[in-house]
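**Q**
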Amino acid sequence: MPKPYGRAVAESAVDMVELVLPNDANPLGNILGGRVMHLIDIAGAIAAKRHSRRDVVTASVDYLDFVHPIRVGQLIRLKAFVTRVFRTSMEVEVGVFREDYRTGELRQTSAAFVTYVALDDEGRPVQAPPLILKTAEERRRHRDALKRRRNRLAIAAGAHRRYFEKPS
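Dropping the structure here:
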């Protein structure tokens, strides 16, 4: 039997862990926000690449809060998975956690929704495979992704007019 064209969420999911080192931290001993953003982009891009089996570029990052600190010597764990494919773009949810390596306890510290665009071999946008949804939670996230996309497009249109169009 031929394999379906689309890919399930679990096929491209990412679970990435790093030790927070002094070079990753601010003077207070907490991981730098920029370092967290960098790791979010890497984890998200890996999920998008696995799903599309293509190179991808980052198109947008939604609102990001740093709710709890991650200190030097602690583990930062990132969980990323595709929530929806739109055609050439994919929304990826990335959860950031502080992991206690002694107990295994996870505490979510941040989350972001990142949009990636799949590229062909010449660097042009190309259609990504559809997402196969298997659980009620995946279907809910898929529905919510459409609402977020509509908001992103509306915000982007306003920003484009404000910053990139010449005044008349």
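Take 7 as the starting number for the sequence shown in the working numbering and just add one per residue. Even for Gly, the Cβ is constructed at its ideal location relative to N, Cα and C.
1. Going by C-alpha distance, which of D30, E128 and L139 is nearest M43?
2. For the beta strand (DSSP E) that contains K85, what are its first and last residues?
3. Helix, strand or coil for D71? Go by DSSP, reduced to three states.
4. If you follow the alpha helix (DSSP H) that L175 is part of, which residue opens it and which one closes it?
5. Expressed to the nearest angstrom, what Euclidean distance is found between the alpha-carbon atoms of M7 and D127?
6. Using CA atoms only, rank isn't needed, just tell me which of T121, E99 and Y169 is closest to R147.
7. Between which residues of its own chain and P28 is the CB-CB distance below 7 Å, once the five residues before and five after are set aside?
8. Comparing C-alpha positions only, which one of R83, R113 and T141 sits nearest to L6?
9. Ignoring anything shorter than 3 residues, give me the beta strand (DSSP E) runs that lie fully in the stretch 14-52, in order along the chain.
**A** Concretely, from the data shown:
1. D30
2. L81 to V91
3. coil
4. This structure leaves residue 175 out entirely; the chain is present only between 7 and 174.
5. Confidence is the limiting factor: at M7 the pLDDT is only 47, short of 50, which leaves the residue's position unreliable and the question unanswerable from this model.
6. E99
7. V78
8. With the chain represented from 7 up to 174, any question about residue 6 goes unanswered, as that position is not in the structure.
9. 20-25
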